[in-house]
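A.B. asks: Got a structure for you, written out below as structure tokens; questions coming shortly.
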Amino acid sequence: MDSLNPAPADPLLGLMLAARADERPGKTDLGVGIYKTEAGDTPVLRAVKEAERRLLETETTKAYEGPHGNPLFCEAIGELTLGGLGDRHTAFTTPGGCGALFIGMQAAKLASPDARLFLSDPSWPNHEGIAAALGIETVFYPYVGDRTGAPDMDLVLKGLEGARAGDILLLQGACHNPTGTDFSAEQWVRLAEEVEKRGLLPFVDTAYQGFARGLEEDGANVKAFLERIPEAILTYSCSKNFGLYRERTGALIIQAPGAKAKDAVATQTAALVRASYSMPPSHGAAIVATILNDAELRRSWEEELGQMRGRLNGLREGFASALVRATNDDSLSRIAEEKGMFSQLPIEAEDTLVLQREKGIYMPGSGRVNIAGLKEDRLGELAADLASYLVR
Ligand SMILES: Cc1ncc(COP(=O)(O)O)c(C=O)c1O
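Just so we're aligned: the sequence shown equals residues 1 to 392 in the UniProt record's numbering.
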């Protein structure tokens, strides 16, 4: 081990710790992507508490569940994402969305050992990190014309011109891209055509179903996309929409071109799971399965999810108008149209450090902010602090 040098610090986790350690009462943490209330808390959802109470009373064993984890959970996530698992699908309970990314990426590499990962710019550092850990080369494709705004399909397709058959195309479900902008229904259709034309393996990362418009609305484009193409990998996180962050609850769903290929990929992926964490944790998945299979708990969960969505959309409206007022720049009104927890501010990396030092405002160097970290009663003040640093 003498030959090892320390790993570079994870910038996002470093930012989270720095914000926590800052004792200034007016600090604003717009860094790591977790939902927060106006008071800055990330509470346990009521439906989760009730499901846990029931599980505590009824659970009769802690015996192993096997590499696929909880079948009721897998079916319930299959229902939420695809309208139901078919005979071409195999599903795994995973330790969070990141566990699904890690195993799914390994399965993709097994199917196509020379595959490269085509990743949007911007994306999340962990996509690149997981690919690097597995020895998969990353190629970035442009997503937006400048650092903000909606996805530009001409640029995306140009960026995919060098993609070869078997390469992995990473796409992101509703609210997942750090810009807070998603592909439109038409753009998803165009992407399906491109995937077919080039023989790519689409890999769709989803973690925010329900944060943009509603559960069904947010899942519709990915569902229609998967119906159009023969094979794909889908990763799902329950960290955000069920608030289960530390329980590490996610799913990996693999869609094979036929039943025979499904059996092969299911057993190969089970072997990958067995060779890493062996079997997934059960508690979070049991909570989700309990909620989704009980009408009353599901209604309560959807209500709270709706409240989270409503708070985010309300904050977006207030923040966008405060920024437009403070900067006289109408282009920032786009923040009200964007969806989910993230938007990207037009700011230089070095200025994010100045804001951190002088005003206690925390965001990564990319200017990607967590809308849930905003405080409704301080939007004007924050916009005024940011105004002179925003690049126009
Ligand atoms: C790229 C990416 N996708 C999905 C997730 C979902 O999170 P989790 O693993 O907590 O379910 C994360 C969180 O770090 C992530 O970085």
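By construction, the Cβ of each residue, glycine as well, lies at the ideal position given by its N, Cα and C atoms.
Everything numeric in this text was worked out from a predicted model, so none of it was measured.
1) Below 8 Å between beta carbons: does that hold for Leu353 and Thr28?
2) Out of curiosity, what's the CA-to-CA distance linking Pro364 and Leu12?
3) Under a three-way DSSP split, which group does Val44 fall into?
4) Count the C-beta pairs between the region 162-171 and the region 263-271 that are closer than 8 Å, then say yes if the count reaches three, no if not.
5) With a CB to CB cut of under 6 Å and the five nearest residues on each side skipped, what residues in its chain are close to Gly367?
6) In three-state terms, what does DSSP make of Pro25?
7) Quick one: grab the DSSP three-state call for Ala275.
8) For Glu317, which of Glu302, Ala326, Tyr277, Glu337 has the nearest alpha-carbon?
9) Looking at the unbroken beta strand (DSSP E) that takes in Ser237, where does it start and where does it end?
10) For the putative contact between Leu72 and Ala289, defined by C-beta atoms under 8 Å, what is the C-beta separation to the nearest angstrom?
11) Should Tyr245 be listed as close to ligand 1, given that the test is whether its C-beta is under 7 Å from any heavy atom?
12) Between the Cα of His176 and the Cα atoms of Arg325, Ile287, Pro122, Phe140, which residue gives the shortest distance?
13) Among Asp385, Ala387, Ala185, which has the Cα closest to the Cα of Asn221?
14) For Leu30, does the three-state DSSP call read helix, strand or coil?
15) Can you give me the C-alpha to C-alpha distance between Glu38 and Glu296, rounded to a whole angstrom?
16) Skipping 5 residues on each side, what residues in its chain have a beta carbon closer than 6 Å to that of Ala384?
17) So, with DSSP's three-state summary, where would you put Ala251?
18) If you draw a straight line from the C-alpha of Tyr236 to the C-alpha of Pro6, how long is it?
19) Using a Cβ-Cβ cut-off of 6 Å (strictly less than) and excluding sequence neighbours within five positions of His283, which residues of its own chain qualify?
20) State yes or no: is the C-beta of Leu332 within less than 8 Å of the C-beta of Ala320?
21) Following a CB-centred definition, is Ser237 positioned closer than 7 Å to any heavy atom of ligand 1?
22) Report the option in Pro257, Asp154, Ile77 whose CA atom is closest to the CA atom of Ala91.
23) Using 10 angstroms around the beta-carbon of Thr61, count the other beta-carbons present and answer buried if the total reaches 16, otherwise exposed.
C.D. replies: The relevant details are as follows:
1) no
2) 7 Å
3) coil
4) no
5) Gln344, Leu345, Ile347
6) coil
7) coil
8) Glu337
9) 232-237
10) 4 Å
11) yes
12) Pro122
13) Ala185
14) coil
15) 27 Å
16) Ala326
17) strand
18) 31 Å
19) Glu247
20) yes
21) yes
22) Ile77
23) exposed
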